[in-house]
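S.K.:
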């Protein structure tokens, strides 16, 4: 009870002391709360992007995992030729076959990845029912990015050339049955999707696939010789990208945070130097030196508390609003997608309780450490000299 | 009276063979040399002498703000020099009041809050604090300016606030270091009248350090220090 009372009293005194310090206090609090808002803003933007990216990639590309042919490496295009094989059919697996091909829009030759997926699949959001509904000989789906890059629209017929299982070139017209819009460029750029059954016929690779999309109930008992990667493993690169971006932006708010911490440090040095008489008086009235040190450390830390409150008053409504309306990414989205980065037209910042708590925690801890460093001097101070205000 | 030390003897302060040295460069300066004194409960005593005679040093040792190089200082029979930091702080908070030459009021608090401060440390209830503070301010005639800040009052008023703060917890001893040094003679007499009244009516032991003749007029016992030694000890 005594400890609680003493801590409560120290909080009251520290609050009074810093509120009465005037402009210096408010300048420090403003800088620190600005850093706090920036940290929350950038981190919630990346968290929002991460959530969106995970959702989009799982829904459009990865499903709950993939069972990959052992000879196929998605980072090595030379493995496409041989990285496929027969697979055991299973209700929880959806096969995808990848072949290399060329299309000739407007007479230009464009190398593509020709991907076959069952037209009746429902595991990913690709609108493959359009392949089923189309009356064309070889109906195909492409992404909006691919359509724009090659000036293609629904109903267009373009020549496609591919190799069958014996390495013999064949060519036929494909018809664009649908154009889908997605935030996942890795299923859009340079890719043409057709019905797997049709691709099996065109290539002669009957019941063969490059990888199998798994749903949540797949238990890895079939196709055991293939490599299973769950969605977390598949998202690894995306997580790494987000962390890289997060690290880059931390430089900006790191500078702000540093300025705020220097301001706190400066205030504390100033306090110990200028308030010696006050320190001596506290001791004469019954404080121990340890308690005065705690009080002064608390004053410095209180900047962080108040900055967190002020910052929260700004950041929480702002980020909640941005979560609703989103931040338009139009200037960057095309470039990012060309680089294969999953990004939406809008990013919806997401301020999670974990992110908020972690940010408050670190801002307060850093401020406490910085506040303590100059006031350690109080423990060595001569009380009699302090009472006289001797410098 | 609350919080008073349980005494077996009338000597509230006993100073036994106290010497205090301060380092000066590579040598030492002896501020007090082999001091022996006994102060009884309820005394109104002053340490007088020229600057550098050791008055304030002795007062600081009695107030457990500093420790002697040699000897013992007993407050109600207990040696204050061997107390821990926490025990010394408790002794100061509960049993000793301080009045300083430059008042040492806490600038961000109101007059009421300055006087209330020692009681906050004693964990008194709000009602108890209010009653004690208003009583102390009444004693010094300042209850009408309780809400003002130290920067809004005169030097004489500030010293009266410091007196109220020193007696609000009803201490056994009040140590006053040059309490009138920064005041004009009217205020100095007013302050000494108040302190004398508090001594007589509350029984608080007062110990001064001063070379102000106006203070000396009021003292019942005058201890003269010179070069860190007791030169004279006279009871009027």
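Protein chains in written order, with this note's numbering: chain P, 654 to 1044; chain V, 888 to 1123. All C-beta atoms in this analysis are idealised placements derived from N, C-alpha and C, irrespective of residue type, glycine included.
Is the Cβ of residue 1093 of chain V closer than 8 Å to any Cβ of chain P?
M.R.: Along the second chain, one-based indexing puts residue 1093 of chain V at 206. Chain P contact via Cβ: absent.
S.K.: Could you pull the DSSP bridge partners for residue 1120 of chain V from this structure?
M.R.: One-based indexing of the second chain puts residue 1120 of chain V at position 233. Looking at the DSSP assignment, residue 1120 of chain V forms a beta bridge with V/1110.
S.K.: Applying the 10 Å Cβ sphere with the 16-neighbour rule, what's the burial state of residue 889 of chain V?
M.R.: Your numbering for residue 889 of chain V matches position 2 in the second chain. Per-residue confidence for residue 889 of chain V stands at a pLDDT of 40, beneath the threshold of 50, marking its modelled position as unreliable; the derived number appears in the next sentence. Exposed.
S.K.: Can you find a CB in chain P that lies within less than 8 Å of the CB of residue 1010 of chain V?
M.R.: Numbered from 1 along the second chain, position 123 holds the residue referred to as residue 1010 of chain V. Closer than 8 Å to some Cβ of chain P, the Cβ of residue 1010 of chain V qualifies, so yes.
S.K.: Establish whether the CB of residue 696 of chain P and some CB of chain V are separated by less than 8 Å.
M.R.: In the first chain, counting from the first residue as 1, residue 696 of chain P sits at position 43. False, the Cβ-Cβ gap to chain V never drops below 8 Å.
S.K.: Which whole-angstrom value is the C-beta distance of residue 963 of chain P and residue 682 of chain P, which I expect to be below 8 Å?
M.R.: As a first step, residue 963 of chain P must be located in the first chain, where it is residue number 310. As a first step, residue 682 of chain P must be located in the first chain, where it is residue number 29. Right, their Cβ atoms sit about 6 Å apart.
S.K.: I'd like the list of long-range same chain contacts for residue 930 of chain P, defined as Cβ closer than 6 Å, with 5 residues on each side in sequence excluded.
M.R.: The residue given as residue 930 of chain P occupies position 277 in the first chain. Counting only Cβ-Cβ distances below 6 Å, and skipping sequence neighbours, we find 1042.
S.K.: Quick check on residue 888 of chain V - is its C-beta less than 8 Å from some C-beta in chain P?
M.R.: Counting from 1 along the second chain, the entry for residue 888 of chain V is found at position 1. Caution is warranted here: a pLDDT of 37 is assigned to residue 888 of chain V, below 50, making its placement in the model unreliable, and the coordinate value is therefore given only provisionally. Chain P, which has no Cβ nearer than 8 Å to the Cβ of residue 888 of chain V, makes this no.
S.K.: By DSSP, does residue 730 of chain P sit in helix, in strand, or in coil?
M.R.: Reading the first chain from its first residue, position 77 is the one you call residue 730 of chain P. Looking at residue 730 of chain P - three-state DSSP - the assignment turns out to be helix.
S.K.: Please classify residue 713 of chain P: is it buried, with 16 or more other beta-carbons within 10 angstroms of its beta-carbon, or exposed?
M.R.: Here residue 713 of chain P refers to the residue found at position 60 of the first chain. Under this definition residue 713 of chain P is a buried residue.
S.K.: If you count every other CB in all the chains shown that lies within 10 Å of the CB of residue 728 of chain P, and 16 or more means buried, which is it?
M.R.: Taking the first chain and counting its residues from 1, one reaches residue 728 of chain P at position 75. Exposed is the call here.
S.K.: Would residue 636 of chain P be called buried (16 or more neighbouring beta carbons within 10 Å of its own) or exposed?
M.R.: Since the displayed chain P opens at 654 and closes at 1044, residue 636 of chain P lies outside it and no answer follows.
S.K.: Cα separation between residue 895 of chain P and residue 694 of chain P?
M.R.: As a first step, residue 895 of chain P is located in the first chain; it is residue number 242 there, counting from the start. As a first step, residue 694 of chain P is located in the first chain; it is residue number 41 there, counting from the start. If you take the alpha carbons of residue 895 of chain P and residue 694 of chain P, they lie about 15 Å apart.
S.K.: So is residue 892 of chain P buried or exposed if we call it buried at 16+ other beta carbons inside 10 Å?
M.R.: Sequence index remark: in the first chain, residue 892 of chain P carries index 239 (1-based). Its Cβ having fewer than 16 others within 10 Å, residue 892 of chain P is exposed.
S.K.: Contact check, residue 898 of chain V vs residue 926 of chain V under 8 Å by CB: the rounded distance?
M.R.: What you label residue 898 of chain V is simply residue 11 of the second chain in a count that begins at 1. What you label residue 926 of chain V is simply residue 39 of the second chain in a count that begins at 1. With a Cβ gap of about 7 Å, residue 898 of chain V and residue 926 of chain V count as contacting.
S.K.: In terms of residues, what are the limits of the alpha helix (DSSP H) holding residue 704 of chain P?
M.R.: Counted from its first residue, the first chain places residue 704 of chain P at position 51. It spans 676-710 - the alpha helix (DSSP H) in which residue 704 of chain P sits, taken as one unbroken run.
S.K.: Output the distance between the C-alpha atoms of residue 781 of chain P and residue 772 of chain P, rounded to the nearest integer angstrom.
M.R.: Taking the first chain and counting its residues from 1, one reaches residue 781 of chain P at position 128. Taking the first chain and counting its residues from 1, one reaches residue 772 of chain P at position 119. Roughly 5 Å between the two C-alpha positions.
S.K.: For residue 639 of chain P, which beta-bridge partners are listed by DSSP?
M.R.: The structure shown does not extend to residue 639 of chain P, since chain P spans only 654 to 1044, so no value can be given for it.
S.K.: Does the Cβ of residue 895 of chain V have 16 or more other Cβ atoms within 10 Å, making it buried, or fewer, making it exposed?
M.R.: Along the second chain, one-based indexing puts residue 895 of chain V at 8. With a pLDDT of 44 at residue 895 of chain V, under the threshold of 50, the predicted position of this residue should be treated as unreliable, though the coordinate-derived value follows. Looking at its Cβ environment, which holds fewer than 16 other Cβ atoms inside 10 Å, residue 895 of chain V is exposed.
S.K.: If contact means a Cβ-Cβ distance below 7 Å, which residues of the region 957-976 of chain V contact chain P?
M.R.: Residues 972, 973, 976.
S.K.: Would you please state the rounded distance, in angstroms, between the beta carbons of residue 1021 of chain V and residue 1060 of chain V? I believe it to be under 8 Å.
M.R.: Numbered from its first residue, the second chain carries residue 1021 of chain V at position 134. Numbered from its first residue, the second chain carries residue 1060 of chain V at position 173. Not a contact, Cβ separation roughly 23 Å.
S.K.: Is it a yes or a no for the region 1003-1012 of chain P touching the region 903-911 of chain P, going by three-plus beta-carbon pairs under 8 Å?
M.R.: Taking 8 Å as the limit for Cβ pairs, the verdict is that the region 903-911 of chain P does not touch the region 1003-1012 of chain P.
S.K.: Just checking: is the beta-carbon of residue 979 of chain V within a distance shorter than 8 Å of some beta-carbon in chain P?
M.R.: In the second chain, the residue the question calls residue 979 of chain V occupies position 92. So yes, residue 979 of chain V belongs to the interface.
S.K.: Return the first residue and the last residue of the alpha helix (DSSP H) that residue 844 of chain P is part of.
M.R.: For this step, residue 844 of chain P is matched to residue 191 along the first chain. Segment 844-848 is the beta strand (DSSP E) holding residue 844 of chain P; no alpha helix (DSSP H) there.
S.K.: Count Cβ pairs between the region 827-844 of chain P and the region 785-798 of chain P that sit closer than 8 Å; are there 3 or more?
M.R.: Contact between the region 827-844 of chain P and the region 785-798 of chain P is present, because at least three Cβ pairs lie under 8 Å.
S.K.: Would DSSP call residue 996 of chain P helix, strand or coil?
M.R.: Numbered from its first residue, the first chain carries residue 996 of chain P at position 343. Here residue 996 of chain P sits in coil by DSSP.
S.K.: Residue 669 of chain P bridges to which residues according to DSSP?
M.R.: The count along the first chain starts at 1 and reaches residue 669 of chain P at position 16. According to DSSP, which records beta bridges pairwise, residue 669 of chain P is partnered with nothing at all.
S.K.: Would you check if the distance between the CB atom of residue 944 of chain V and the CB atom of residue 970 of chain V is smaller than 8 Å?
M.R.: In the second chain, counting from the first residue as 1, residue 944 of chain V sits at position 57. In the second chain, counting from the first residue as 1, residue 970 of chain V sits at position 83. Result no, Cβ atoms of residue 944 of chain V and residue 970 of chain V do not sit closer than 8 Å.
S.K.: For residue 1021 of chain V, which of helix, strand or coil comes out of DSSP?
M.R.: For the purposes of this step, residue 1021 of chain V is taken as residue 134 along the second chain, with counting starting at 1. It is helical.
S.K.: Rounded to a whole number of angstroms, what is the C-alpha to C-alpha distance between residue 1078 of chain V and residue 1043 of chain V?
M.R.: Within the second chain, the letter at position 191 stands for residue 1078 of chain V. Within the second chain, the letter at position 156 stands for residue 1043 of chain V. In a straight line, the C-alpha of residue 1078 of chain V is about 8 Å away from that of residue 1043 of chain V.
S.K.: Indicate whether at least one CB of chain P lies closer than 8 Å to the CB of residue 1112 of chain V.
M.R.: Residue numbering aside, residue 1112 of chain V sits at position 225 when the second chain is read from its first letter. Closer than 8 Å: no.
S.K.: Could you tell me whether the region 1019-1036 of chain P touches the region 941-960 of chain P, using the rule of 3 or more Cβ pairs below 8 Å?
M.R.: Contact between the region 1019-1036 of chain P and the region 941-960 of chain P is present, because at least three Cβ pairs lie under 8 Å.
S.K.: Is the separation between the beta-carbon of residue 1107 of chain V and that of residue 1084 of chain V shorter than 8 Å?
M.R.: To locate residue 1107 of chain V, count along the second chain from 1; it is residue 220. To locate residue 1084 of chain V, count along the second chain from 1; it is residue 197. No, the pair does not count as a contact, with Cβ atoms beyond the cut-off.
S.K.: Is the CB-CB distance between residue 1103 of chain V and residue 941 of chain V below 8 Å?
M.R.: If you number the second chain from 1, residue 1103 of chain V lands on position 216. If you number the second chain from 1, residue 941 of chain V lands on position 54. Cβ distance not < 8 Å, so residue 1103 of chain V and residue 941 of chain V don't count as in contact.
S.K.: I'd like the list of long-range same chain contacts for residue 1058 of chain V, defined as Cβ closer than 6 Å, with 5 residues on each side in sequence excluded.
M.R.: Reading the second chain from its first residue, position 171 is the one you call residue 1058 of chain V. Closer than 6 Å at Cβ, skipping near neighbours: 982, 983, 984.
S.K.: If we count the other Cβ atoms within 10 Å of its Cβ and call it buried at 16 or more, is residue 754 of chain P buried or exposed?
M.R.: Within the first chain, residue 754 of chain P is the residue found at index 101, counting from 1. With 16 or more Cβ atoms within 10 Å of its Cβ, residue 754 of chain P is classed as buried.
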